[in-house]
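Asks: Quick note, in full-length UniProt numbering, the sequence shown goes up one by one and the last residue is 193. Before we start, here is the structure in question, set down as structure tokens.
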Amino acid sequence: MSQPDLALSFEQNLERHIELFKTLDIHKPQLLTLVEQCKQAIDNGGKIVFFGNGGSAADSQHLAAEFVVRFKNDRRALPAIAFTTDTSILTAHANDYGFDTVFARQVQGLCSNKDVVIGISTSGKSPNVNLALEAANEMGAYSVAFTGRDGGLVKDIAQLAIVVNHPETARIQEAHLFMGHWVCEAFDLLLAE
């Protein structure tokens, strides 16, 4: 592939990214609801839980770190965890029970009705994300899905579903991370008051 072809590919990807980001304003009410639910959870002694597969697992870890450590401003640590980091739990569960319930089992053992439980799935069709959000609902936790395309099954499971209606996985992931970063920034602003 020639340099001009590569440059064109970059420009096309950038244009698709920009066009998608121009539409994200439609999620503002949902994001404000999410911030309020997270604030309420933290104020009541709960925590924020994240999980997903592949790139969404990485986003889960990234966002949990922003809550615990900090985003932009120095502030107190906020209680958050990603269920994608404990290789002993992940591999023991996958070996003994399969991968479909690997996150649900952690929800059952580590969550309470005080928590906000956030599953990230670009397709909305990941059985382990869907089953974990069902487990969160059963215990009375507040369930949230960051998803894409048409929302898949998860949009009907989560109490709050943020659906990035776009066909490309990479663009959906970029949007999820942008919105997750804004939620982290909102906490910087709230804690500065």
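We put the CB at the ideal spot given by N, CA and C, even for glycine.
(1) Distance check for asparagine 113 and asparagine 95, CA to CA, integer angstroms please.
(2) Going by Cα to Cα distance, which pick from Ala58, Ile48, Ser60, Phe67 is closest to phenylalanine 187?
(3) Please report the straight-line C-alpha distance between lysine 155 and histidine 176, rounded to a whole angstrom.
(4) Closer than 8 Å by C-beta to phenylalanine 71: which residues in its own chain qualify, once you throw out the five before and the five after it? Chain order, please.
(5) Ignore the nearest five residues each way along the sequence and tell me which others in tryptophan 153's own chain have a CB closer than 8 Å to its CB.
(6) Would you say the beta carbon of glutamine 106 is closer than 7 Å to some non-hydrogen atom of the ligand FAD?
(7) Quick check for students: name the residue ranges of the alpha helix (DSSP H) that lie wholly in the UniProt domain "SIS" (38-193), counting only runs of 4 or more.
(8) Report the option in Gln108, Glu134, Gly54, Lys22 whose CA atom is closest to the CA atom of threonine 84.
Replies: The structure says:
(1) 28 Å
(2) Phe67
(3) 15 Å
(4) His181, Cys184, Glu185, Phe187, Asp188
(5) According to the sequence shown, residue 153 is leucine rather than tryptophan. Excluding residues within five positions, the ones whose Cβ falls inside 8 Å are Gly124, Lys125, Asn130.
(6) Ligands displayed in this structure: none; no statement on the ligand FAD is therefore possible.
(7) 55-68, 87-97, 102-110, 127-139, 169-192
(8) Gly54
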